[in-house]
Amino acid sequence: MTAPNIPSRRALLQWAAAWAALGTGVPARAAVGDARTLRLVLPLAPGGAMDVLGRGLANGLGQRLGASVVVENRAGAGGNLAHELVAGEKPDGQTLLLTSNALVANVTLFEGRVRYDPVRSFAPVSIVASSPTVIVVRSDAPAREMAALATRARSTGISVGTPGFGNGNHLALVKLQRAQGGDWRHIPYKGAGPALVGLLGGETDAAIVALPAAQAHLQAGRLRALAVVQERRTSLAPEVPTLAEAGITIELDNGWFGLLAPAGTPAAVVERVHQAVTAALADPDFRMQLVRQGFEPVGSSSQAFAQQLDRDVASFPPLLKSIGARVE
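All letters in the sequence shown, in the order written, are residues -30 to -1, 1 to 298 by mature numbering (1 follows the signal peptide of the UniProt record, and there is no 0).
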C-alpha cells in the first residue's frame, strides 16, 4: 500500500508563512513584481516630451518587472488630478506617478485647494530625467554673452518672455533680477512655443525656456543661447556656458521629472522599482530617445530625490508668494 503524501512540517510552515503574507497584503515577493498590470499616471495629456518620457519608461519598467505597465494620462488642474489620484492609492507599488516639480509648486499656486502633501503623501523612487533651462536671444541681438544682457537690463531695461506665470522659468527670471538688479520685464506667454515666436517676432528681447523647446531654433541659427540655468554645462548643448561662468550666481532649481509611489509603499517595493528604473536608463536606445526629446537621463537614488523634494518645499513657497503667484 502506498504511503499517503503528507506534507512535511517544514513545508506546512512555508505555506503558512505565504498565506500570512497574503493576508497582510504583502506577498513574499514584492507586490510590484507579482502584479500583471501596473499603472503609470502622468499629469499631462497625451503628446509632448513628457508623454514620450512616460511611455518609454513604462516600456522599460514593464520589461524589467515582468508586468504590463499602462500609461494613464490624467491632465487637469495643473497636474493636481494626477497627484491627488496617486496620493490616495494603495501603497502596493501597483500605481506610480511620473511628474515634475509642479508637484511642489502647485501647493502654493493652488493654495488651500490641494489634497496632497508633496513630501508626506509620496514615496520618492527616482529622478528619472532633467530638462535644462536656457536663456536665449535672437541671433542678431547685440548681446552675445550673458554679462552683456545683464548690463543692458541695468542700463535701459529688457523684456523677457517665459512660458507662463509662476513656473520654473519665471522663477529663474525673478532670481536673475534680484541678483543683478535692473529692469527685467516679465512677459508671460501660454507656453514655450508662443514665447519663442514672440522673441523671434521682436516682442521681447530674450526668453527663458526649456532647452528642448528652443533646440530647433538654435540649430537653425535663428536664436543664440547665452546660458543654461544649472550648475554644470549640459551634454545636450555643451557649448553653452552656465550662469556661474558668466559671473552670475543665483540659487538653482533643477527642472526634474521624477517617479513616485504612494506614501507607505514598502521599502523593498520602492527599491525594486528603482532598480528597474536604473536598468531602463542604462539601455542605449532609451537614453537616445530621451536625449532626442531634450532630456538628460538622471536615475537618482530615492534618498537624493527625497532631498530634492525637501529643498523645493523650502524654496518654492516664499519665492512664489513674493511675486503673488496664484492660480484662480
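Glycine included, each C-beta is placed from N, C-alpha and C at the ideal position.
- In this structure, DSSP gives Arg148 a helical state, which the three-state scheme calls helix.
- By the CB criterion at 9 Å, Arg148 and Ser129 fall outside the cutoff.
- The three-state reading of DSSP puts Leu55 in helix, counting H, G and I together.
- A distance of 9 Å or more separates the beta carbons of Arg34 and Arg108.
- The closest CA to that of Arg257, considering only Ser100, Gly168, Val243 and Asp280, is found on Ser100.
- Here the C-alpha atom of Ile105 lies approximately 5 Å from the C-alpha atom of Ala197.
- At a Cβ-Cβ threshold of 9 Å, Ala19 and Phe275 do not count as neighbours.
- In the three-state DSSP reduction, Leu222 falls in the coil class, being neither helix nor strand.
- Pro232 sits in a strand when the DSSP states are folded into three classes.
- Note on Thr7: under 16 other CB atoms within 10 angstroms of its CB, so exposed under the neighbour-count rule.
- Counting along the chain, Leu67 sits inside the beta strand (DSSP E) bounded by residues Thr65 to Ser70.
- Short of 7 Å from the beta carbon of Ala142, and not among the five residues preceding or following it, lie these beta carbons of its own chain, in chain order: Thr103, Ile178 and Val199.
- DSSP lists Val11 as the bridge partner or partners of Glu42.
- In this structure, the alpha-carbon of Gly134 lies about 35 Å from that of Ala246.
- Between the alpha carbons of Lys145 and Ser38 lies a distance of about 43 Å.
- The alpha-carbon separation between Ala176 and Gly26 amounts to approximately 33 Å.
- Under the rule that a run must span 4 or more residues, the alpha helix (DSSP H) segments found entirely inside the stretch 83 to 165 read 116 to 125 and 138 to 150.
- In this structure, Asp62 lies near Val239, with their beta-carbon atoms less than 9 Å apart.
- A buried status is given to Thr69, since no fewer than 16 other beta-carbon atoms sit within 10 Å of its beta-carbon.
- Contact annotation, Gly217 with Ala117: C-beta distance approximately 6 Å; criterion of less than 8 Å satisfied.
- When DSSP states are grouped into helix, strand and coil, Glu241 belongs to the helix group.
- Per DSSP, the unbroken alpha helix (DSSP H) holding Ala19 starts and ends at Ala19 to Leu35.
- When the five nearest sequence neighbours on each side are left out, the beta carbons in the same chain lying within less than 8 Å of the beta carbon of Val95 are those of Leu66, Gly228, Leu229, Leu230, Ala231, Val240, Val243, His244, Val247, Ser272 and Phe275, in order along the chain.
- Taking every protein chain shown into account, the CB of Val268 has 16 or more other CB atoms within 10 angstroms, so this residue is buried.
- In the structure shown, the three-state DSSP call for Val198 is strand.
- When the Cα atoms are used, Trp226 and Asn71 turn out to be separated by approximately 6 Å.
- About 6 Å separates the Cβ atoms of Val74 and Val283, confirming a contact at the 8 Å cut-off.
- Of all alpha-carbon atoms in Glu42, Ala45, Ala180 and Gly234, the one lying nearest the alpha-carbon of Phe92 is that of Gly234.
- Check the Cα spacing between Arg114 and each of Leu279, Arg194 and Glu215: the tightest is with Arg194.
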